[in-house]
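Single-structure report; data block below.
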């Protein structure tokens, strides 16, 4: 395994961790509602933990599946089209920059990118309503698996990066580490940990996070290749 490939996994985790403010806005509500629907009493905390873990593992599993499908297409394209890697790297870098601008609250152009997934979500969202209210872990897992297809600029940004990986397995692992990075915030929201929400919605935190995501995007852009030509 090359050093570049190895370093991409902790970087993907960091992107998920830093960008999870965006996840709170899009998935935090449904995560919190899982806890609210449970009857309070003996074993409440255990049932809550099972529900939250099941939902989030379903969500992360969908990220891995989407990355696998995209990687199958991108590796096929790269084998037939010499410039495919350059195009994918440029796209991944631009998406990360867009996401950073959104996180820093400088420009919300990432919303236009999120519209790409609207047709798929339009077909899946009615299925999520059939799973509510969630009464057991299996339902929570299925709901999370559907929720993972919710149009999300942060997910799309990281998927663009995953598509750059040389193998389907490494692309799937990239999205797995990204998903694990979003897990702490999502679990904290489910446990009603308001302090983490207040931290991540703080203006300075959002701007610092946005700047870091922009740096990731700039680092991803193929400047070295362009200069060489």
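Residue numbers (the numbering used here): 189 to 417.
Cβ atoms here follow ideal geometry from the backbone N, Cα and C, with glycine treated the same way.
Given the structure is predicted, the values throughout are model-derived calculations rather than measurements.
Between the C-alpha atoms of residue i and residue j, what's the straight-line distance to the nearest angstrom?
| i | j | result |
| --- | --- | --- |
| residue 305 | residue 209 | 20 angstroms |
| residue 393 | residue 399 | 10 angstroms |
| residue 275 | residue 235 | 46 angstroms |
| residue 196 | residue 362 | 7 angstroms |
| residue 278 | residue 345 | 11 angstroms |
| residue 371 | residue 364 | 11 angstroms |
| residue 320 | residue 407 | 42 angstroms |
| residue 221 | residue 410 | 42 angstroms |
| residue 254 | residue 229 | 38 angstroms |
| residue 141 | residue 312 | Residue coverage of the chain in this structure runs from 189 to 417, which leaves residue 141 outside it and unanswerable. |
| residue 322 | residue 232 | 14 angstroms |
| residue 286 | residue 401 | 9 angstroms |
| residue 307 | residue 299 | 14 angstroms |
| residue 375 | residue 355 | 31 angstroms |
| residue 417 | residue 273 | The pLDDT assigned to residue 417 is 48, lower than 50, so where the model puts this residue is not dependable; a value taken from the coordinates is nonetheless given after this. Residue 417 and residue 273: Cα-Cα distance of roughly 15 angstroms. |
| residue 240 | residue 250 | 16 angstroms |
| residue 373 | residue 303 | 25 angstroms |
| residue 331 | residue 318 | 9 angstroms |
| residue 327 | residue 288 | 34 angstroms |
| residue 438 | residue 198 | Residue numbering for the chain in the displayed model covers 189 to 417; residue 438 lies beyond these limits and cannot be assessed. |
| residue 379 | residue 315 | 25 angstroms |
| residue 297 | residue 290 | 7 angstroms |
Contact defined as beta carbons within less than 8 angstroms: I believe residue i pairs with residue j. What is the distance between those atoms, to the nearest angstrom?
| i | j | result |
| --- | --- | --- |
| residue 243 | residue 219 | 6 angstroms |
| residue 338 | residue 309 | 6 angstroms |
| residue 352 | residue 261 | Actually they do not touch by this definition, with Cβ atoms about 13 angstroms apart. |
| residue 325 | residue 238 | 5 angstroms |
| residue 405 | residue 301 | 13 angstroms between Cβ atoms; not a contact. |
| residue 200 | residue 366 | 4 angstroms |
| residue 245 | residue 329 | 7 angstroms |
| residue 369 | residue 205 | 4 angstroms |
| residue 397 | residue 207 | 7 angstroms |
Among the candidates the options, whose CA atom is the shortest distance from the CA of residue i?
| i | options | result |
| --- | --- | --- |
| residue 292 | 310, 403, 199, 320 | 403 |
| residue 203 | 349, 354, 357, 324 | 349 |
| residue 284 | 343, 375, 369, 221 | 343 |
| residue 256 | 375, 359, 199, 341 | 359 |
| residue 248 | 199, 335, 307 | 335 |
| residue 263 | 317, 314, 357 | 357 |
Got a sec: is the Cβ-Cβ distance from residue i to anything in chain B below 8 angstroms?
| i | result |
| --- | --- |
| residue 334 | Among the protein chains of the structure shown there is no chain B, as only one such chain exists. |
Entirely enclosed alpha helix (DSSP H) segments - the region 307-394, minimum 4 residues: 325-335, 341-350, 356-378, 382-388
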